[in-house]
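Since the structure comes first, as structure tokens, the remarks are kept for the end.
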Amino acid sequence: MEPHQEDSFASPLPLRTFEGDAPQRDGSSGSSSSEVEEEEVNDVDSTTTTTSGGPSPPINKRQQRWGQEDGDIEMDKLSRTSSLDVDQDEEDAGTFILELDKESGLGDSDRTYRTRIERGWAFALSKVGPLVGALGALAALGFIFAVWGGIPLGDPKEDLFDEDGSWPLVFITNPLVMGVIGYLNVAMFLGCAGVTHPFRGFTPALLIIIVVEIVILFPIVQKVGFFELFGAVNIFICYAATFAGLLIHEFVKRCLGKRNRTPNYLRKIAQYGKVVFALFVHLLILTGYVIGYRYVSSTVQPILSFSLAISVFIMRKVLLALTDMFPIEMAMLISSLWVTNLTDMCQTLAFPSVKDPITYIYLFAINLFTNLANLLFLTPWYVASWFRIRVWVKNNLGHIFTCCFCTCKWPEVRFYFWRIWSQTCSMLFYLGISSILRYGPNSEYYMFSEDPIVKGSDERSYNVLSSTGYRNSLLYASANLFPIALAGLFGYLLVRFLYKETYAVLVKTHGMMLLHNTTYIGFVVAILAHNGLLAVMIVQYHQRVWWAFN
0 MEPHQEDSFA SPLPLRTFEG DAPQRDGSSG SSSSEVEEEE VNDVDSTTTT TSGGPSPPIN
60 KRQQRWGQED GDIEMDKLSR TSSLDVDQDE EDAGTFILEL DKESGLGDSD RTYRTRIERG
120 WAFALSKVGP LVGALGALAA LGFIFAVWGG IPLGDPKEDL FDEDGSWPLV FITNPLVMGV
180 IGYLNVAMFL GCAGVTHPFR GFTPALLIII VVEIVILFPI VQKVGFFELF GAVNIFICYA
240 ATFAGLLIHE FVKRCLGKRN RTPNYLRKIA QYGKVVFALF VHLLILTGYV IGYRYVSSTV
300 QPILSFSLAI SVFIMRKVLL ALTDMFPIEM AMLISSLWVT NLTDMCQTLA FPSVKDPITY
360 IYLFAINLFT NLANLLFLTP WYVASWFRIR VWVKNNLGHI FTCCFCTCKW PEVRFYFWRI
420 WSQTCSMLFY LGISSILRYG PNSEYYMFSE DPIVKGSDER SYNVLSSTGY RNSLLYASAN
480 LFPIALAGLF GYLLVRFLYK ETYAVLVKTH GMMLLHNTTY IGFVVAILAH NGLLAVMIVQ
540 YHQRVWWAFN
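Residue numbers (numbering that gives the first Met the number 0): 0 to 549.
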């Protein structure tokens, strides 16, 4: 096997661009890529020269440690562009990762990636990336606790403007939550579009969505009250207002003659709209899951959870295809962490619907089975058999499928570890939020309460969560952290010792981003906050989702 072929096996996916002569996901590259690599190889190591069509450079100990020069150059280009879609005609369309590297003091753009990695490891403990992530997560949890558990929501049975009415929800809590959800969606979109500072862009989104929510929902609540699936309509209005605001904002800028320096901006808005629509469809599936989980018997509940796991697997592949035009880092966050964590959050908050404690054993087995199945995707047997079948299908169907043997293992590793991270966060989230929803001032509007606002007498009505049932749910969430940690450890050992090249690539990319790139950490926190707000919203009485169709 040629050295450059071995490098492509370990290297991350090439940049995603719109031009036909640009590097593609399957590893093919344009006509000028070899010239660029030749120039950069000479910059990295002056003792080794590479000419177009000439022999490959010899492998020395330094190359064996860090990988081949070609692989390092690909990593250099990845760090400079963060796999963002860059239009060569747009001189000012810089990438946000490169700008953040400059702001963080990680070195000038002409510094080689290897040097920056060595410097990053040397000063890893002095960087503020993990601290920013921890503080952001605590701030998100505090906001969720305050808006859903601390601010009085009001009695929906009373008149809207009575002293005990639900006017705080209509005019304060709900618009604020929807505004934050819309703002987080805007930030994720701007990251996908390659904007330098995604969390600073379009800050009026928060105010616009708040106004739209009040203007639309106030007359509806005043006229008909909180109807069935009110929360689903609420979320749809939020998403629609968010994208309408993005389009209007762009239209006004163009009317004023302001040039948008982001390439293919409108096309990216349309594509991201498809992504959010797919997530909304998945949210409707989760809505059916939490409603069905309350109605079905304890025998059917594990089957319902297993069916949801299959649905999540399919949705991950759909989202990965829809995010093909976006940076690979953003695509992996959306197609792996976002959809998986949203499911995990909603599943954990459905624990009070468990009718028989033995159901937790089934849930434990399903969770363990899915982790083992995902771990199987990382084994050499799977890589050597299934990926070769996919390559055969690709070669015989005219390159309909863009995956190849050398580049599919790298995303699967990310999928796996984002799943482990999602499960861990969801269990910790349940342990923290459940006590607020059970004992807080708004406890009667959640099914965690021993005295909920609505009670039922038959087995198909709302269940009152007893102290024993609540204790069982806490024990399950706590005990489930142990096998999740073991699954993460096994996955780490497998990748660390069986796929050393892939491990080195992931350490270079993720190690640098998680330690130094506060914007990337902000995306992770934004996804967790978005999912936490929606998960609690689904089980809240005024939204009439979990409480629907009694």
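Note that CB positions come from ideal geometry on N, CA and C, so glycine has one too.
By the C-beta density criterion, F160 is exposed, having fewer than 16 other C-beta atoms within 10 angstroms. Judged by their CB atoms, A145 and V524 are not nearer to each other than the 8 Å cut-off.
Bridge partners of Q539 according to DSSP: Y445. The beta carbons of F548 and I290 sit about 6 Å from each other, so the pair counts as a contact at 8 Å. Minimum Cα-Cα distance from P351 among the listed residues F481, Y429, L377 and N373 corresponds to Y429. Between C237 and A534, the gap from beta carbon to beta carbon reaches 8 Å or more. By alpha-carbon distance to L152, the top candidate from Y445, N233 and S165 is S165. In this structure, the beta-carbon distance from I213 to F170 falls below 8 Å.
For the 8 Å CB-CB criterion, A192 and Y264 form a contact.
Cβ-Cβ separation between F201 and H248: approximately 6 Å, consistent with a contact (criterion under 8 Å). Under the DSSP assignment, I219 falls in the alpha helix (DSSP H) whose first and last residues are A204 to V223. An exposed status is given to G431, since fewer than 16 other beta-carbon atoms sit within 10 Å of its beta-carbon.
Taking 8 Å as the cut-off, the Cβ atoms of I268 and L245 count as close. In this structure, P155 sits near G224, with a CB-CB distance shorter than 8 Å.
For K267, the enclosing alpha helix (DSSP H) covers residues Y264 to Y294. The residues V146, W147, I150 and L152, in chain order, have a CB closer than 8 Å to that of T172 in the same chain once the five nearest residues on each side in sequence are set aside. Contact between R418 and N373 holds: their C-beta atoms lie close to 6 Å from each other, under 8 Å. For G178, the enclosing alpha helix (DSSP H) starts and ends at N173 to A192.
Contact check for I537 against T378 fails: the beta carbons are separated by 8 Å or more. When the Cα atoms are used, V453 and Y445 turn out to be separated by approximately 10 Å.
H541 and E157 have their C-alpha atoms roughly 12 Å apart. Between S297 and K354, the CB-CB gap stays under 8 Å. In the three-state DSSP reduction, H196 falls in the coil class, being neither helix nor strand. Taking a contact as a CB-CB distance under 8 Å, the pair V232 and L205 does not count as one, their CB atoms being some 20 Å apart. Per the C-alpha coordinates, the member of Q422, A240 and V299 positioned closest to L216 is A240. Rounded to whole angstroms, L473 and S306 show a C-alpha spacing of 24 Å. Comparing alpha carbon positions, the residue from Y182, L348 and K252 closest to I207 is Y182. Shortest Cα-Cα distance from F276 to any of T261, A133, V299 and T322 involves T322.
Counting along the chain, G439 sits inside no alpha helix (DSSP H), nor does DSSP assign it H or E at all. Residue nearest to Y415 within the set S442, H515, L371 and R258 is L371 (criterion: CA-CA distance).
If you draw a straight line from the Cα of F368 to the Cα of T467, it comes to about 27 Å. Annotated three-state conformation of P451 is coil, per DSSP.
Residue N184 holds the alpha-carbon nearest to the alpha-carbon of A243 among K257, N184 and P218. The beta carbons of I333 and V274 sit about 6 Å from each other, so the pair counts as a contact at 8 Å. A distance of 8 Å or more separates the beta carbons of E328 and Y491.
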